[in-house]
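Heads up: the sequence shown at position 112 corresponds to 112 in the UniProt record's numbering, and the numbers run straight through without jumps. For every residue, glycine included, the Cβ atom is placed at its ideal position computed from N, Cα and C. This structure is a prediction, so every number in the text was calculated from the model and none was measured. Okay, structure first, notes after.
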Amino acid sequence: MSAPAAPTAATAPRGRLLLVPAPLDFGCAEQVPLEQVLPAHTLREAARLRHWIAESAKSARAYLKRIDALYPLAAPLQELHIAELPRHIHKLGDHAGAARPGAGRSAAARQRPGRHGAQHSSDGGAAPFEPRALLQPALAGHDIGLVSEAGMPGVADPGSSIVRAAHQLGLGVLPLVGPVSLLLALAASGLNGQSFAFVGYLPQDGAARAAAIGQLEAQARRSGQAQILIETPYRNARLWQALLQHLRPETWLSISAGLSLPGAISQSRPVQQWRSLGSACPVDGKTPAVFTLGC
1 MSAPAAPTAA
11 TAPRGRLLLV
21 PAPLDFGCAE
31 QVPLEQVLPA
41 HTLREAARLR
51 HWIAESAKSA
61 RAYLKRIDAL
71 YPLAAPLQEL
81 HIAELPRHIH
91 KLGDHAGAAR
101 PGAGRSAAAR
111 QRPGRHGAQH
121 SSDGGAAPFE
131 PRALLQPALA
141 GHDIGLVSEA
151 GMPGVADPGS
161 SIVRAAHQLG
171 LGVLPLVGPV
181 SLLLALAASG
191 LNGQSFAFVG
201 YLPQDGAARA
211 AAIGQLEAQA
221 RRSGQAQILI
231 ETPYRNARLW
241 QALLQHLRPE
251 TWLSISAGLS
261 LPGAISQSRP
271 VQQWRSLGSA
281 CPVDGKTPAV
291 FTLGC
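So this is what it looks like as structure tokens:
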């Protein structure tokens with residue numbers, strides 16, 4: 001009797017896309033032990049993967065090296081396949097940029113800095129991004145890890161275009177457990193956790209930023225919805241001062257930084273109380289912060 005035929009590419013089981021959270025200490029002076037902020041299951045799943053899609057290949061390798069110290073990797077680090085998302089994808093916002101760079105965003109949003117602080121116009125000649133091309137290993141039966149520099153990929157970080165492409169290809173998508181700075185900050189703010197919006201970055205132009213703050217405050221007062229903002233760390237103080245200047249005295253303002261690290265802070269007060277303490281930002285210009293306003 002002849003041996004059964006080996007599965008063909010058409011019948012071989014497909015791999016899955018695993019969303020692998022990273023610790024929130026990227027770029028910080030101190031690193032938190034991984035086992036304090038990530039479950040063992042998440043770390044073990046990451047350790048067995050041989051194929052990765054990363055916001056930054058360099059930071060992904062550094063993270064995997066830390067994992068290897070706890071759970072040996074499935075292959076030497078230099079043998080892992082790490083595909084890097086195109087830079088323009090996470091400058092513009094990778095979800096819209098995957099279809100056509102800059103589509104669906106306002107002029108102010110297209111010109112504002114990305115998370116790394118560089119200006120990028122949607123009129124620039126960035127080529128359209130086809131995320132399905134990065135998922136070919138999964139079609140051949142290999143699980144793929146998706147990782148950003150910090151936190152959960154696809155939530156205020158690159159990755160949503162990859163996740164959507166995985167669904168389009170019929171691949172399984174498995175989010176692993178780990179820290180998400182926006183949710184930690186919201187939970188610690190005392191503001192509305194039942195209705196909230198992540199706004200991202202505000203315009204850098206002073207007048208446009210003031211107008212945006214007014215619009216967000218009006219939305220919060222009208223609906224009770226908490227509004228969540230972030231900024232490039234070296235602009236923390238500038239955003240903080242703008243919020244104190246343009247928000248109403250009775251509006252609540254929360255700031256969280258260093259979440260999951262030993263020096264973490266989360267403080268919420270009405271703007272009037274913040275003003276009485278002075279205009280200095282409670283967070284330095286090196287630590288990523290989350291700002292939340294509400295009523």
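Shortest alpha-carbon distance to R209 belongs to which of A197, A242, P233?
Comparing alpha carbon positions, the residue from A197, A242, P233 closest to R209 is A242.
On the criterion of 16 or more Cβ atoms from any shown chain inside 10 Å, does S223 qualify as buried, or is it exposed?
Its Cβ having fewer than 16 others within 10 Å, S223 is exposed.
So which of G214, L19, R269 has the shortest CA-CA distance to P179?
Selection G214, L19, R269 evaluated against P179 yields L19 as nearest (Cα-Cα).
Local Cβ density within 10 Å of S279, reported as buried at 16 or more and exposed below that:
Label assigned to S279: exposed.
Exposed or buried, what is L239 when buried is set at 16 or more other beta-carbons lying within 10 Å of its beta-carbon?
Burial call: buried.
Residues near P282 by beta carbon distance below 7 Å, same chain, minus five either side
Once the five neighbours on either side are set aside, the close Cβ partners of P282 are I255, I265, Q267.
Give me, in chain order, the residues of the same chain whose beta-carbon lies closer than 6 Å to that of V177; leave out the 5 immediate sequence neighbours on both sides.
Here the set comprises P39, T42.
With distances taken between CB atoms, is the gap from S148 to P137 smaller than 8 Å?
With respect to P137, S148 sits apart: the two C-beta atoms are not nearer than 8 Å.
Rank Y71, Q272, S260, C295 by C-alpha distance to the C-alpha of E30 and give the top, closest one.
If you compare the alpha carbons of Y71, Q272, S260, C295 with that of E30, the shortest gap goes to S260.
Taking the straight line between their C-alpha atoms, what separation do you get for A133 and L244?
For A133 and L244, the distance between alpha carbons rounds to 46 Å.
Given A140 as reference, the closest of S160, L171, G200 once Cα atoms are compared:
Minimum Cα distance to A140 is reached at L171.
Go through its chain and collect everything with a Cβ distance to D25's Cβ below 7 Å, but skip five positions before and after it.
Closer than 7 Å at the Cβ level, and outside the excluded window around D25, lie Q31, V32, L261.
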